[in-house]
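See structure below.
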Amino acid sequence: MDRSGALRYNLTCSTEDGRIADWIANQLEKDLGLENISATGIVLGPDSLARVLTVIKKPAEVPPYKVLEAAKALGRRFAVDIVEADIIGEIPLEVVLDCAEYALSVRQIRSSQVVNYG
């Protein structure tokens, strides 16, 4: 997370076609709003999978799971899956808890329930 509160969240597609990643990126900006996300599609080199690089400007309002679900739906148009995702930098605990609640279908997870075994 940078000083503005933005979160870098990158998605790897099951294709080497950068045009598809770029289309997904453009649709994410259109569907989720430029005020909430900026995205671009890239391919790092030959024989590399295409990636969608995103900056989520307001992760509390547009959490990573919403970006992932939207990207998955967009990729299905081309029979492309999202095979991996990376968070670059820090992520607020509240955003992690929001994502966990969604993934686990739990109404609420409190930060006091999270323990550190490290």
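According to this note's numbering, the sequence shown is numbered sequentially starting from 32. Here a beta-carbon is modelled for each residue, glycine too, at the ideal position from N, C-alpha and C.
Judged by their CB atoms, residue 114 and residue 43 are nearer to each other than the 7 Å cut-off. If you draw a straight line from the Cα of residue 73 to the Cα of residue 39, it comes to about 15 Å. Residues of the same chain with their beta carbon placed closer than 6 Å to that of residue 136 are lacking, with the five preceding and five following residues left out of the count.
C-alpha of residue 106 to C-alpha of residue 120: approximately 25 Å in a straight line. Boundaries of the alpha helix (DSSP H) harbouring residue 124: 124–135, taken from the DSSP string. Here residue 71 has 56 and 84 as same chain residues with Cβ atoms under 6 Å from its own Cβ, once five neighbours each way along the sequence are excluded. Along the length of the stretch 55–135, whole beta strand (DSSP E) runs at least 3 residues long occupy 68–74, 81–87 and 113–119, reported in chain order. The residue from 128, 133, 59 and 138 with its alpha-carbon nearest to that of residue 146 is 128.
Excluding sequence positions up to five before and after residue 111, its CB lies within less than 7 Å of the CB of 44, 45, 46 and 51, all in the same chain and listed in chain order. For residue 41, the beta-bridge partners assigned by DSSP are 84 and 117.
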